[in-house]
Every structure is written in structure tokens, then in C-alpha cells.
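So the mapping is simple: the working numbering equals the position in the sequence shown, first residue as 1, plus 12. One structure below.
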Amino acid sequence: MARVLVINAGSSSVKYYLYEMPQAQVLARGSVERIGEDQARLTHVFGQETFTNGVSAADVDEAVHLVLDTLVDGDRGVLEDIAEVSAVGHRVVHGGEEFTGSVIIDEHVIASVEKYADLAPLHNPPNLAGIRAVASRLPSVTQVACFDTAFHTTIPKVAYLYGLPYELYERYGIRRYGFHGISHRYVARRVAALMGRGKYDVNVITCHLGNGCSITAVKGGRSIDTSMGFTPLEGVPMGTRSGDLDPAILFYLADKGYDPQSLKTLCNKESGLLGISGLSNDIRNLLQLAAQGHERATLAIDVFCYRVRKYIGAYAAVLEPLDAIAFTGGIGENAVQLREQITRGMSQLGVQLDPAANARAVGEEARIEAPASSVKVCVVPTNEQLAIAKDTYELAARKHPAVSRG
Ligand code: ADP
């Protein structure tokens, strides 16, 4: 047995899960939100109890120390001593072309994560701050980096190159990297299991539809294309991100006086479901508003579903044969109506839902295709933290066989 701590450190929040491995039992979980604001908020769930409190956390370093303190707290801690943590796994957003899987963190890995901060300036620095905070408190603990880009490093050049001068790829690394890879890999493996197949024996389109959305073509268990690109802005419209655009729109707006910063804000924070509806970035709200007759709420939902359909169509064309489509993320796992709308009239691709099975599948693993559907349709709640815990446990056990013996 081993205790594995999973840390997902972002610029404004640190989320954590403490697992007993290999049983994958969650001993405690929680988050520090609103880091850097006047008052941050700690939420700590242990056993049946939830503790929340206002805390001071000026940065990721302070937030991680707070998490470690909470895990050994006399009243609500679950460990006697923080040294009981045998390994720590971190979600790291960008591993460039270098990291094709999870790795044990050493000086070289740290230097690389720092280097790729150029490609993910909002994400890699807080990820790195989380790694350094743990190292300062537990200098000898094994730390593992699990990259969001790693699963997509099998995408072939024909799919990752843009139609730009090749020198830009060579000089600046401008190419499709893809994100949400930890989720797409997890879901693809679960789909294989749900179909009774080996993990490299399935062709599936995985649709991760949450606040951020990405769609991946998985062939023989490996990513061969994905909708997010050089950054997470590409692909389907998301909560507040535009998704695919004609790049000339940006030149046109620049001529109208938009500067680069305002274009960034426009495309990342003011577009997508929020931008089209003018009402909300949240599908639950939009579904309610659409039901009350708000036309632009309906329009935002329709645009979203249409664009997801187009990606499914595109990826069906590069997967031969298409075995399955899988839905995950807050929308994919819960929004029955959207799954129906996205797949409606897809019988040409061999996709047909069972309406009753679709209606039942809310937040749980399920197969929702009709018996006549040649393509299986699966709902799979994503579990990135479990995927990180497993990779971390396996790598740590290989490094220190004693870890797996407890
Ligand atoms: P993130 O990408 O931030 O992890 P989530 O995966 O939690 O986000 O997805 C958030 C989206 O999921 C929101 O648009 C939200 O409305 C939608 N969602 C969550 N629960 C439901 C539900 N029960 N029905 C419909 N949509 C839901």
C-alpha cells in the first residue's frame, strides 16, 4: 500500500486528492480556490465530512503548504506525518514534443517544464510552483509529472502541421499539440473495457465537453488527431473560448483598433457559448433559458452541437472502422439533451442512440447506443486524478519497489 497525493495547481486554484493505492481509495480531497485574492477558500473533504474555511494563500506555494498542513491537521487530517505520502503526482499542462508519457521529476524535467512555459504561459508556471512547493517540504519524495499533451504525441505530422511556412514549426514549434490528454486517454481505455476489448484494440472519438472542450480521434488506442491545437483555443466553441476561426477575422479586428491583448481576451473570455448567447457560459443555464424561449440561448446550444457534430464527422472519416463515440466532461456526462442533439440524424455514420438509455446515463458509465447502431456510444465520467494517481504509483513503485509493498 502507498499513499499517493495528486496535485493540480493552476493560477487561481490548487486541487488535491490523497489516494490509498493500489486500491484507489480516496482518503481526502479538496481545493484551495481564489489564490491571490483577499481571502482564499479551503475546502477539505475527509470521510463523510467537509470542512471549508477562509484562508490566506497569496500564491501556489502557500496554497500547497496549506494543503500539506491540512492533511496532518490534528482535527481534520488523515495522516499522522506528511512523510507517509510516498509519491506525489502533478498535472502538468505542456510537455512539448518531448514527453510522450508520465515521468519521474528530476532537474531535467523541471528545466523542460520551465522551457515549455513559453508555450503555456498561464499553466506551466503554476504547475511548476506546485512541484517546487512539494519539493521544499518533502525533499526526498518521488514526484511524477503527468502531461496533458503526452497522449497526443502520437499524432502524425500530417495532422499536427498547420498550413504555415514549415520554418515556423522548426523555429518556434508552431504545431498542433492538443490538450486534455489525461482525460482522453482515460476515457479511451474505459471505452475499450466497456466494449470488452484490449486497450490498443479500439477506434473511438472521445468528446471531452466541459468548460473547455476538445474532441480526439483515437486509433488503436492512440491519439491520431485532436481539436485543440497550438493552444486550447482551437476546436469547438467552448464556455467562453471561440474555437476555430478564420484567422483573417483577427487581422480585420486589428485594423478596427483591437490590440493583441484585447483580441486575446475576446477569443478566450468573451466568446463561445457566452459570446453567442450574451447570457451565460454555462450549459445548464442556457438549457433553462432556451426552455423559457430565449432565442440566443437556443442559438448558442445549436451552434455548439453543430460544431461538435462536424468534428465527429471529420474524425469518422479518418478512423476506419469507427467503433465508438464517447462523451465525457460536465456536459458530456450529464447533458442528455445535448448528446441527443449532437448525434441526431447520424445513422449514415452508423450512430443511433437508445433514447431511454441516454436519458438514464447521467454522471455514470453507460452504453447508450440503440441495438441497431453499429457504432457504440459511451458515457464515461472522466477521472483525471485517478489516472494521475495510477501513473504516479506505477512509476514510483518501479523506482522504489518498497513503495508497492507499503
Ligand atoms: P471544467 O472544464 O471546468 O472541468 P466541467 O467538466 O465541470 O468543467 O463542465 C462544466 C459544464 O458542464 C458547464 O457548461 C455545465 O453547465 C455543464 N454541466 C454540469 N452539470 C450538468 C448537468 N447536470 N446538466 C447539463 N450540463 C451540466
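Virtual Cβ for every residue (Gly too), placed ideally from N, Cα, C. Predicted, not measured: the structure shown is a model, and the values here were computed from it.
Annotation: the segment 17–46 contains the following complete segments of the beta strand (DSSP E) (minimum length 3 residues), in chain order: 26–33 and 37–45.
Contact check for F191 and M240: beta-carbon distance about 5 Å, within the 8 Å limit, so the pair qualifies. Here the alpha carbon of A204 sits roughly 35 Å from the alpha carbon of S283.
In this structure the segment 358–373 does not touch the segment 157–173; the number of beta carbon pairs closer than 8 Å is below three. The beta carbon of G342 lies closer than 6 Å to those of G222 in the same chain, with the five residues before and after it left out.
Partner residues in the beta bridge of I217, as assigned by DSSP, are A229 and I337.
A check of alpha carbon separations from I400 across D118, H56 and F163 identifies F163 as the nearest.
Spanning the alpha carbons of Q37 and V57 requires a straight line of approximately 13 Å. The segment 38–56 and the segment 77–85 touch, with no fewer than 3 CB-CB distances between them shorter than 8 Å. In the DSSP assignment, G142 falls within the alpha helix (DSSP H) that extends over N136 to R149. About 6 Å separates the beta carbons of V153 and V97, which is inside the 8 Å limit, making them a contact pair.
Separation of L150 and Y198 (C-alpha to C-alpha, rounded to the nearest whole angstrom) is 29 Å.
Residue range K388 to V391 is occupied by the beta strand (DSSP E) that includes V391. The three-state secondary structure of F163, taken from DSSP, is helix. Taking a cut-off of 5 Å from the heavy atoms of ligand 1, the residues with a C-beta inside it are G222, N223, G224, D294, I295, R296, G341, G342, I343, N346 and A347. Taking C-beta atoms as the reference points, V105 and N136 count as a pair closer than 7 Å. Here the C-alpha atom of L275 lies approximately 47 Å from the C-alpha atom of R410. In this chain, the alpha helix (DSSP H) harbouring S195 covers G193 to L206. For a cut-off of 8 Å, the C-beta gap from S23 to L134 is around 6 Å, short enough to register as a contact. Only exposed fits S68, as fewer than 16 other CB atoms lie within 10 angstroms of its CB. Taken atom to atom, the span from the alpha-carbon of K388 to that of I324 is near 13 Å.
Spatial neighbours of G232 in its own chain (CB-CB distance under 6 Å, excluding positions within 5 residues in sequence) are listed in chain order as Y212.
Taking one beta carbon from each stretch, the segment 291–303 and the segment 258–277 have fewer than 3 pairs nearer than 8 Å; the two do not touch. With a threshold of 16 other beta carbon atoms within 10 Å, V374 falls short and is exposed. Residue range A260 to D267 is occupied by the alpha helix (DSSP H) that includes F263. Around the beta-carbon of M13, fewer than 16 other beta-carbon atoms lie within 10 Å, marking it exposed. Within the DSSP bridge table, the entry for F242 names no partner. Secondary structure note for S98: its beta strand (DSSP E) is the uninterrupted segment V97 to V104.
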